[in-house]
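Enquirer:
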């Protein structure tokens with residue numbers, strides 16, 4: 001009888017193994033198919049654009065062309081722009097974004113946690129924060145340029161203001177939604193108010209704060225570029241503005257491409273950081289799960 | 294002569310009423326005129342229908358809330374802030390999900406100013422005591438419900454509390470795990486002998502564990518009856534004692550007192566549901 005059971009077990013096992021192998025193969029094929037689709041879309045757009053420009057279906061003067069963009073980027077990289085090397089422009093924008101991001105996130109987290117912890121303060125300043133938030137903050141850029149001049153500080157401030165509100169509201173909400181039991185428990189165990197904030201409230205709000213960082217990162221780049229657009233002596237925003245003024249469509253697209261690449265790599269870095277910070281979360285294994293099988 | 298309830302861990306509630314004010318300004322009475330004494334080292338279970346203010350009694354003893362009227366004394370001292378020497382075990386695990394198990398257990402000593410290294414060493418010992426060696430560096434979500442409860446117990450007992458407050462601690466567990474945890478709790482309780490206030494829905498659990506069972510009326514709750522449980526200790530497995538003759542007698546007596554209250558609560562909620570349904 002035991003022999004019978006043994007074979008039965010073995011059969012199921014081999015069955016499971018083949019099933020799993022099949023599933024893996026199917027999953028791999030599916031992944032390849034997705035990649036193929038992505039490449040196809042890229043080719044259709046780029047080749048279609050290039051061909052339309054060459055055949056005169058669209059006017060390359062207004063719409064540029066992929067090849068023209070490549071040439072433009074290459075000459076920028078080799079000869080620089082009218083206001084210094086192209087790399088310098090990228091670095092300036094990057095620096096403004098990073099500084100704006102840091103200032104905005106720090107102040108957003110600080111005030112979010114503070115107002116979340118002190119309800120009186122939140123009630124008092126709440127309406128004012130809503131008013132400021134309702135303003136189209138981009139136009140603040142003009143004022144910042146007037147106040148702080150064409151240099152770096154006005155862009156950093158604009159980026160920081162854009163970042164601040166996103167992070168602030170999330171930090172505030174995060175603090176408000178902390179599990180009351182966790183706080184009660186910490187208090188009974190003898191935690192002081194600061195210890196409660198440090199060990200319970202802040203880490204708990206961290207999930208919300210981290211969720212806001214993706215959007216905040218995009219805003220910091222937007223803030224820097226719009227700031228440069230409104231008045232500056234350097235940076236990618238200025239590159240775009242100049243290209244626009246000279247009807248250089250390839251230049252505008254080229255700078256856009258560079259900004260996109262910057263934003264994508266920043267996003268990638270952010271996901272890495274996020275994964276590290278949220279390693280304790282149960283849901284985080286989800287990404288690695290096999291989907292679509 | 295000082296009454297026994299003034300010893301370390303003794304609890305005394307005298308004519309305690311607790312009202313809550315809703316944000317709209319309406320007042321709601323959770324408990325009224327509760328008189329309750331728990332002697333040092335005594336295991337007291339509180340049973341009562343849903344919403345009768347059992348948990349409120351616990352938060353008052355813990356010093357999380359202040360009574361609207363009456364006095365709450367723990368260890369002979371009037372409670373006017375977080376109660377010293379108390380630990381709380383909640384229905385849902387109050388474990389910090391972003392900290393590994395050992396760090397969670399170490400929080401108690403850490404908050405009390407013990408050095409980090411020492412706190413962690415103590416936490417390691419406690420995890421061994423509750424049978425979780427080898428899981429020190431797991432995150433809470435990686436453990437089963439019963440294991441998380443063990444962690445909660447370790448985290449509550451590491452501070453050597455003189456009073457342990459438990460708010461339906463095992464109600465989220467499945468029946469088998471629940472029985473195991475009840476036995477475990479008795480073993481742990483026997484080591485330190487803190488006084489315990491154990492709130493539960495489950496009458497069997499209450500009788501199996503406690504020295505004294507307090508029945509609370511339908512809300513606003515007050516003490517309806519107090520039963521001394523004279524089953525000998527050590528009780529052995531909680532699953533087995535259920536068939537003891539004395540156990541069954543006590544069960545019938547206490548259920549007699551509890552049933553009316555449960556029925557009253559039920560009919561009230563049925564009326565309320567009807568009213569809401571009628572409006573719709």
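Chains as they are written, first to last, in the working numbering: chain A, 1 to 293; chain B, 294 to 573. Cβ atoms here follow ideal geometry from the backbone N, Cα and C, with glycine treated the same way.
1. Taking DSSP's pairing of strands, which residues face residue 521 of chain B in a bridge?
2. Could you work out which residue in A/122, A/128, A/238 is closest to residue 254 of chain A when comparing CA atoms only?
3. For residue 444 of chain B versus residue 400 of chain B, is the C-beta spacing smaller than 8 Å?
4. Could you pull out every unbroken alpha helix (DSSP H) segment of at least 4 residues lying fully inside the region 198-243 of chain A, listed in chain order?
5. Flag this pair as yes or no: are the beta carbons of residue 493 of chain B and residue 340 of chain B separated by less than 8 Å?
6. Residue range of the alpha helix (DSSP H) that residue 130 of chain A falls in?
7. Nearest chain B C-beta to residue 181 of chain A closer than 8 Å, yes or no?
8. Excluding sequence positions up to five away, which residues of its chain have a Cβ less than 6 Å from the Cβ of residue 416 of chain B?
9. Using a Cβ cut-off of 9 Å, pull out every chain B residue sitting near residue 184 of chain A, in sequence order please.
10. Taking any Cβ of chain A, which residues in the region 393-404 of chain B have a Cβ under 7 Å from it, in chain order?
11. Which residues in the same chain have their Cβ closer than 6 Å to the Cβ of residue 243 of chain A, if we skip the five residues on either side of it in sequence?
12. Is the CB of residue 78 of chain A under 8 Å away from at least one CB in chain B?
13. Taking CB distances under 8 Å as the criterion, tell me whether residue 304 of chain B reaches chain A.
14. State yes or no: is the beta carbon of residue 391 of chain B nearer than 8 Å to at least one beta carbon in chain A?
15. When you check each C-beta in the region 431-444 of chain B against every C-beta of chain A, which residues fall closer than 7 Å?
16. What is the rounded straight-line gap between the Cα of residue 263 of chain A and the Cα of residue 246 of chain A?
17. May I ask you to verify whether the region 128-145 of chain A touches the region 259-275 of chain A, counting CB pairs closer than 8 Å and requiring at least 3?
18. Which stretch, first to last residue, makes up the beta strand (DSSP E) that contains residue 366 of chain B?
19. Find the nearest neighbour of residue 384 of chain B within the set B/438, B/532, B/530, B/507, judged by alpha-carbon distance.
20. Should residue 505 of chain B and residue 335 of chain B be called a contact, given that it needs their Cβ atoms to be closer than 8 Å?
21. For residue 452 of chain B, go through chain A and note every residue whose CB falls closer than 8 Å to its CB, in chain order.
22. With distances taken between CB atoms, is the gap from residue 105 of chain A to residue 213 of chain A smaller than 8 Å?
23. Whose CA, out of A/248, A/235, A/215, A/274, lies closest to the CA of residue 95 of chain A?
24. Any idea what DSSP makes of residue 561 of chain B, helix, strand or coil?
25. In terms of DSSP beta bridges, what is residue 322 of chain B paired with?
26. Can you grab the Cα-Cα spacing for the pair residue 29 of chain A / residue 452 of chain B, in whole Å?
27. Distance, Cα to Cα, residue 320 of chain B vs residue 557 of chain B?
28. If you draw a straight line from the C-alpha of residue 512 of chain B to the C-alpha of residue 361 of chain B, how long is it?
29. What first and last residue would you give for the beta strand (DSSP E) that runs through residue 340 of chain B?
30. Please report the distance separating the alpha-carbon of residue 559 of chain B from that of residue 547 of chain B.
31. Of all the CB atoms in chain B, is at least one closer than 8 Å to the CB of residue 282 of chain A?
Expert: Concretely, from the data shown:
1. Within the second chain, the letter at position 228 stands for residue 521 of chain B. Under DSSP, residue 521 of chain B shares a beta bridge with B/505.
2. Along the first chain, read from residue 1 onward, the residue named residue 254 of chain A stands at position 254. Of all alpha-carbon atoms in A/122, A/128, A/238, the one lying nearest the alpha-carbon of residue 254 of chain A is that of A/238.
3. Looking up residue 444 of chain B in the second chain gives position 151. Looking up residue 400 of chain B in the second chain gives position 107. No, Cβ-Cβ distance for residue 444 of chain B and residue 400 of chain B is not below 8 Å.
4. The qualifying runs are 202-230.
5. Here residue 493 of chain B refers to the residue found at position 200 of the second chain. Here residue 340 of chain B refers to the residue found at position 47 of the second chain. Yes, the pair counts as a contact, with Cβ atoms nearer than the cut-off.
6. Position 130 of the first chain, counted from the start, is the residue given in the question as residue 130 of chain A. Following the DSSP letters along the chain, one finds residue 130 of chain A inside the alpha helix (DSSP H) bounded by residues 119-134.
7. The residue you call residue 181 of chain A lines up with position 181 of the first chain. By this cut-off, residue 181 of chain A is an interface position.
8. If you number the second chain from 1, residue 416 of chain B lands on position 123. These residues qualify, in order along the chain: 395, 398, 399.
9. Translated into the one-based positions of the first chain, residue 184 of chain A becomes position 184. Under the 9 Å cutoff, chain B gives 352, 355, 357, 381, 383, 387.
10. Using a CB distance below 7 Å, the part of the region 393-404 of chain B facing chain A consists of 400, 401, 404, ordered along the chain.
11. Along the first chain, one-based indexing puts residue 243 of chain A at 243. Excluding positions up to five away in sequence, the list reads 251, 252.
12. Within the first chain, the letter at position 78 stands for residue 78 of chain A. With 8 Å as the cut-off, residue 78 of chain A does not count as an interface residue toward chain B.
13. Stepping through the second chain from its first residue, residue 304 of chain B is reached at position 11. For residue 304 of chain B, the answer is no, since every Cβ of chain A falls outside 8 Å of its Cβ.
14. Counting from one through the second chain, the residue named residue 391 of chain B turns up at place 98. Yes, because at least one Cβ of chain A sits closer than 8 Å to the Cβ of residue 391 of chain B.
15. For the region 431-444 of chain B, which is checked against every Cβ of chain A, the residues closer than 7 Å are 432, 434.
16. Looking up residue 263 of chain A in the first chain gives position 263. Looking up residue 246 of chain A in the first chain gives position 246. Across the structure, residue 263 of chain A and residue 246 of chain A are spaced so that their CA atoms are roughly 26 Å apart.
17. Contact fails: fewer than three Cβ-Cβ distances are below 8 Å.
18. For this step, residue 366 of chain B is matched to residue 73 along the second chain. Here the beta strand (DSSP E) through residue 366 of chain B covers 362-367.
19. By one-based count along the second chain, residue 384 of chain B stands at place 91. Measuring from the Cα of residue 384 of chain B, the nearest candidate turns out to be B/438.
20. Walking along the second chain from the start, residue 505 of chain B turns up at place 212. Walking along the second chain from the start, residue 335 of chain B turns up at place 42. With contacts defined by Cβ atoms closer than 8 Å, residue 505 of chain B and residue 335 of chain B form a contacting pair.
21. Residue mapping note: residue 452 of chain B aligns to position 159 of the second chain, counting from 1. Listed along the chain, the chain A residues whose CB falls inside 8 Å of the CB of residue 452 of chain B are 189, 190.
22. For the purposes of this step, residue 105 of chain A is identified with residue 105 of the first chain, where counting begins at 1. For the purposes of this step, residue 213 of chain A is identified with residue 213 of the first chain, where counting begins at 1. Yes; because the gap between Cβ atoms is below 8 Å, this pair is in contact.
23. Within the first chain, numbered from 1, the residue matching residue 95 of chain A stands at position 95. Shortest Cα-Cα distance from residue 95 of chain A to any of A/248, A/235, A/215, A/274 involves A/235.
24. The residue given as residue 561 of chain B occupies position 268 in the second chain. Residue 561 of chain B falls in the helix class under three-state DSSP.
25. Locating residue 322 of chain B in the second chain gives position 29, counting from the first residue. B/312.
26. Walking along the first chain from the start, residue 29 of chain A turns up at place 29. Walking along the second chain from the start, residue 452 of chain B turns up at place 159. One C-alpha to the other measures close to 57 Å.
27. By 1-based counting over the second chain, the position of residue 320 of chain B is 27. By 1-based counting over the second chain, the position of residue 557 of chain B is 264. Roughly 22 Å separates the two Cα atoms.
28. Numbered from its first residue, the second chain carries residue 512 of chain B at position 219. Numbered from its first residue, the second chain carries residue 361 of chain B at position 68. Near 16 Å, if we compare the C-alpha coordinates of residue 361 of chain B and residue 512 of chain B.
29. Counting from one through the second chain, the residue named residue 340 of chain B turns up at place 47. For residue 340 of chain B, the uninterrupted beta strand (DSSP E) segment begins and ends at 336-340.
30. Indexing the second chain from 1 puts residue 559 of chain B at position 266. Indexing the second chain from 1 puts residue 547 of chain B at position 254. For the pair residue 559 of chain B and residue 547 of chain B, the Cα-to-Cα distance works out to about 18 Å.
31. The residue you call residue 282 of chain A lines up with position 282 of the first chain. Closer than 8 Å: yes.
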